[in-house]
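In the numbering used here, the protein residues as written are 583 to 1073. Don't be surprised by glycine CBs; every beta carbon is placed ideally from N, CA and C. Encoded as structure tokens, the structure appears first; notes follow it.
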């Protein structure tokens, strides 16, 4: 048997974290088992579905690298098949016509509420004979189709939770086809999964209540059901269901925030699943090899943005500089555009000096956790102008007169070093200067870092000097000295 799984989102919203994890678990299972990953767009809610949301879902899956083997297919295209399956259920006696109007049902629901009772359909239309139901339908009376729930219970062996069962006493005779001829979710899903030859359904715990109804429909159609597995929901740190207030956004918003698809996929995989060992940083091939449904945890996972950022940082470190360069250029280009300039104006030479750009990326990529942060670290090496971080100024330029004097001395010392610079020679010169000035080396290095990068943190200052180059470094120091002199004059 070839494993066939499906991801079936509704195009009424973007692809969010929960849906993306469901898609990933299905995709990993299919890849591990040499199976098929099917995408079905459940677009029967015409009022809320949109082509824009469908495109966003497709773009989100593509960004994550979850290639679709079949589809997308659209649920709305299966309307005639859904109706045929409903007719088969009616003809076989598993369903019956219900002539209760929405107004009548609403009145009964309100009466039950006033009496302090729960409302469930009382099955009154079950008693209508087939001849009477046929005659009323032929006369033009509107009706829905309801499934005739038999006595007993429905049980199944869930891939994640083990044996689950539901007593039929807790189920109403549920609607499968509305009075306007459109299918209800549980009928449409069964029909579509049969059409797609789906062997395994892996979805969220919130669908457990649908499973017994769907199994009843499979049985009434005399068709073999798929194997079901229900994944516990993702929670926020407060223990409540994940929402935007916990930091959950569409996966494309994470892309725009500077996350790598490899980092996002790694994070999603670990939300309720374990590889069975201590590994946390895993690439796609490693995830495929390690994935098995029996390692999906039964308890809910907690969304941890800090963990996502850490994992993303590890994937930045392991990514080749030439791949990261494309993303860094994109981020810097967007920033330049917001300033009404071109990248070549704000960062002259960054496109043409590819070798230097990649070398700088390798120099700075150990610390940043997002592509935006990586671009922040790369930018000073190419930027025409830099801004000084207020925190860095407060920390390392809090004595402007003294700092200006120290930076002048540094500039003079650097001017006496032959080019090209080497990190070893620069270190010897700067530390010797600190001894002559009778200050700790940090009193020169930290202010120099701010002068060169505008930041309080950077790679080793001597490597920064090498890759920034003599001309640019001296210009930055000269600018910083002027800034400090002006500040000292007004204090």
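Tell me whether the beta-carbon of residue 805 lies closer than 8 Å to the beta-carbon of residue 645.
no
Closer than 8 Å, CB to CB, is residue 869 near chain C or not?
The structure shown has no chain C; it contains just one protein chain.
DSSP state of residue 682, grouped into three classes?
coil
Residue ranges of each beta strand (DSSP E) run of no fewer than 3 residues wholly in the stretch 768 to 839, ordered along the chain?
782 to 786, 809 to 813
CB residue 882 to CB residue 815, shorter than 8 Å?
yes
Residue nearest to residue 674 in terms of C-alpha spacing, selected from 595, 662, 801:
801
Would the stretch 662 to 682 and the stretch 727 to 743 be scored as touching if the rule is three or more Cβ pairs under 8 Å?
yes
Mind the definition here: the stretch 945 to 961 touches the stretch 1013 to 1033 only if three or more C-beta pairs lie below 8 Å; say whether that holds.
no
Return the residue from the list 993, 1000, 1005, 1050 that minimises the CA-CA distance to residue 1063.
993
Mind checking whether residue 1032 and residue 979 have CB atoms under 8 Å apart?
yes
Just to confirm the assignment, what range does the beta strand (DSSP E) spanning residue 729 have?
726 to 729
With a threshold of 8 Å on Cβ separation, who are the neighbours of residue 971 within its own chain once the five nearest residues in sequence on each side are excluded?
1032, 1036, 1037, 1038
For residue 765, count neighbouring Cβ atoms within 10 angstroms of its own Cβ and tell me buried if that reaches 16, exposed if not.
buried
Which value, in whole angstroms, describes the spacing of the CA atoms of residue 968 and residue 600?
40 Å
Ranges of the beta strand (DSSP E) found wholly within the stretch 719 to 762, counting only runs of at least 3:
726 to 729, 735 to 740, 744 to 749, 757 to 759
Among 665, 833, 1048, whose alpha-carbon lies nearest the alpha-carbon of residue 762?
665
Compare the Cα-Cα distances from residue 818 to each of 862, 888, 931, 810 and report the closest residue.
888
Let me check one thing: in DSSP terms, what residues is residue 878 bridge-paired to?
855
Who are the Cβ neighbours of residue 1058 in its own chain at under 6 Å, not counting the five residues just before and after it?
1033, 1034
For residue 609, is the classification buried or exposed, using 16 other Cβ atoms within 10 angstroms of its Cβ as the cut-off for buried?
buried
Rounded to whole angstroms, what's the CA-CA distance from residue 901 to residue 741? Just pull it up for me.
35 Å
Simplified DSSP state of residue 1039, which is helix, strand or coil
coil
Where does residue 589 fall in DSSP's three states?
strand
Evaluate contact between the stretch 892 to 906 and the stretch 939 to 951, counting only Cβ atoms and requiring at least three cross-stretch pairs below 8 Å.
yes
Contacts around residue 864, its chain only, beta-carbon distance under 6 Å, and the 5 residues preceding and following it disregarded
848
From this set, 877, 607, 1061, which residue's C-alpha is nearest residue 743's C-alpha?
877
How many Å lie between residue 793 and residue 751 at the Cα?
15 Å
Rounded to the nearest angstrom, how far is the Cβ of residue 620 from that of residue 651, given a contact under 8 Å?
7 Å
Boundaries of the alpha helix (DSSP H) in which residue 1059 is found, first to last residue
1052 to 1071
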